[in-house]
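First residue of the sequence shown: 11, per this note's numbering; consecutive thereafter. What follows is a single structure, written as structure tokens, with notes after it.
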Amino acid sequence: CCLEEFVKDKMCSCQDSGHLFCRKCVRKYAEEELYSNRKSVLCCISTEGCKSAFNTRQLERALPQKMIEKLREMQYLSDMKKAGKVECDCPKCGCKGFIPKEEKTFSCPRVGCLHKSCRLCHRPAHEPIECSEVARTHVEESMSTARIKKCPRCTRQCIPEMGRGCTYVTCSCGQNFCYVCGSRNGYGSCRCTRPHDLTERVAVRSAGNNAVGRMSHAARYEGLDGIVERLI
Numbered sequence: 011c012c013l014e015e016f017v018k019d020k021m022c023s024c025q026d027s028g029h030l031f032c033r034k035c036v037r038k039y040a041e042e043e044l045y046s047n048r049k050s051v052l053c054c055i056s057t058e059g060c061k062s063a064f065n066t067r068q069l070e071r072a073l074p075q076k077m078i079e080k081l082r083e084m085q086y087l088s089d090m091k092k093a094g095k096v097e098c099d100c101p102k103c104g105c106k107g108f109i110p111k112e113e114k115t116f117s118c119p120r121v122g123c124l125h126k127s128c129r130l131c132h133r134p135a136h137e138p139i140e141c142s143e144v145a146r147t148h149v150e151e152s153m154s155t156a157r158i159k160k161c162p163r164c165t166r167q168c169i170p171e172m173g174r175g176c177t178y179v180t181c182s183c184g185q186n187f188c189y190v191c192g193s194r195n196g197y198g199s200c201r202c203t204r205p206h207d208l209t210e211r212v213a214v215r216s217a218g219n220n221a222v223g224r225m226s227h228a229a230r231y232e233g234l235d236g237i238v239e240r241l242i
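This is the structure in structure tokens:
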């Protein structure tokens with residue numbers, strides 16, 4: 011505590027032992043406990059080891075309204091956890107809510123959203139399919155999309171054959187174009203020398219790694235370890 015002198019009615023006392031503290035010290039202590047340590051109960055800060063809590067009326071005299079609201083939020087979170095519920099947030103709008111910890115699907119309570127998502131991987135609800143299977147499909151789709159190039163003439167999607175060596179792709183419309191830079195001025199018109207299959211592997215590997223990186227921690231390591239190299 012700051013050890014400065016204050017009149018009693020400008021101080022706060024703990025509930026059971028009556029230890030007195032100035033409001034400034036209580037605010038500083040509450041800020042650390044609520045925002046850094048995420049505590050839901052503010053106990054006495056006496057050096058004598060007192061475990062008594064500050065009651066709500068005492069705290070309302072010392073803390074700003076924003077901090078009081080934070081305390082109520084932390085108390086609510088604590089009550090939900092004691093009731094066996096876990097906090098979830100909607101990946102679409104950010105709205106928070108609680109569901110029993112044995113459930114996986116979180117339905118957003120906000121009117122106008124109502125989005126259903128998996129609380130573990132944050133992707134659209136997919137029960138009874140496991141998160142790892144959904145994640146694997148997402149990685150595979152991302153890697154497949156990375157192989158696609160659009161024809162510069164008809165915009166049809168083209169997937170080149172692996173192992174041809176040259177950089178040029180022929181669309182079903184008859185248009186030839188460079189897989190690397192998109193040039194359609196004919197073979198040898200650009201300066202791209204790297205075989206398109208090597209360029210493709212780099213793009214596919216990057217897309218796969220990025221997809222794995224976007225997975226939440228809960229789903230990222232369930233069967234995804236080494237998946238990118240296996241799929242190339």
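Positions of the beta carbon are idealized from the N, C-alpha and C atoms, including for glycine. These figures come from a predicted structure and were not determined experimentally.
Residues near residue i in its chain [Cβ-Cβ closer than 6 Å; skip 5 each side]
i, result
"Lys-92", "none"
"Tyr-39", "Ile-55"
"Cys-202", "Thr-177, Cys-188, Val-190 and Cys-191"
"Ser-4", "No answer is possible for residue 4: the residues shown for the chain start at 11 and end at 242."
CA nearest to the CA of residue i, picked from the options
i, options, result
"Arg-33", "Cys-161, Val-51, Arg-67 and Cys-118", "Arg-67"
"Thr-155", "Ala-217, Phe-31 and Gln-75", "Ala-217"
"Asp-165", "Ala-221, Ser-182, Cys-35 and Glu-150", "The amino acid at residue 165 is misidentified as Asp; the sequence shows Thr. Checked all of Ala-221, Ser-182, Cys-35 and Glu-150; the closest Cα to Thr-165 is Ser-182."
"Tyr-45", "Glu-151, Thr-115 and Glu-79", "Glu-79"
"Gly-59", "Arg-240, Lys-18 and His-29", "His-29"
"Glu-150", "Gln-185, Thr-180, Phe-108 and Leu-241", "Leu-241"
"Gly-104", "Gln-185, Thr-115 and Pro-119", "Pro-119"
"Val-36", "Gly-122, Asp-19 and Leu-69", "Leu-69"
"Met-153", "Lys-114, Gly-107, Ala-221 and Cys-100", "Ala-221"
"Cys-100", "Arg-82, Cys-131 and Pro-138", "Cys-131"
"Ile-237", "Ser-142, Leu-208 and Gly-184", "Ser-142"
For residue i, the first and last residue of its enclosing beta strand (DSSP E)
i, result
"Asp-99", "95-99"
"Ser-117", "115-117"
"Cys-188", "186-188"
"Cys-35", "Here Cys-35 belongs to no beta strand (DSSP E); instead the alpha helix (DSSP H) covers 33-41."
"Cys-24", "Element bounds for Cys-24: n/a, residue is neither H nor E."
Cβ neighbours of residue i in the same chain (closer than 7 Å, five flanking residues each side left out)
i, result
"Lys-111", "Gly-94, Lys-95 and Val-96"
"His-136", "Cys-128 and Val-144"
"Gln-167", "Ile-158 and Lys-160"
"Glu-43", "Lys-49 and Leu-52"
N- and C-terminal bounds of the alpha helix (DSSP H) containing residue i
i, result
"Ile-109", "Unbroken run through Ile-109 is the beta strand (DSSP E), 106-110; no alpha helix (DSSP H)."
"Arg-240", "237-241"
Euclidean distance between Cα positions of residue i and residue j
i, j, result
"Ala-63", "Asp-26", "8 Å"
"Glu-210", "Met-77", "54 Å"
"Pro-170", "Arg-129", "39 Å"
"Arg-133", "Phe-16", "55 Å"
"Val-214", "Tyr-86", "46 Å"
"Leu-124", "Arg-194", "47 Å"
"His-7", "Cys-98", "This structure gives no information on residue 7, because the portion of the chain shown stretches from 11 to 242."
"Pro-74", "Lys-102", "32 Å"
"Ser-212", "Asp-89", "Ser is not the amino acid found at residue 212; the sequence shown has Val there. Near 50 Å, if we compare the C-alpha coordinates of Asp-89 and Val-212."
"Glu-41", "Gly-223", "34 Å"
"Glu-140", "Ala-72", "49 Å"
"Lys-114", "Cys-200", "53 Å"
"Arg-163", "Val-179", "13 Å"
"Cys-22", "Met-84", "21 Å"
"Gly-107", "Val-121", "13 Å"
Test: residue i CB closer than 7 Å to a CB of chain C
i, result
"Asp-19", "Going by chain labels, chain C is absent from the structure shown, which holds only one protein chain."
My parser needs the beta strand (DSSP E) runs of 3 or more residues fully inside the region 125-182; what are they?
126-128 and 178-180
Note down, one range per segment and in chain order, each alpha helix (DSSP H) of at least 4 residues found wholly within the region 48-98.
66-72 and 75-92
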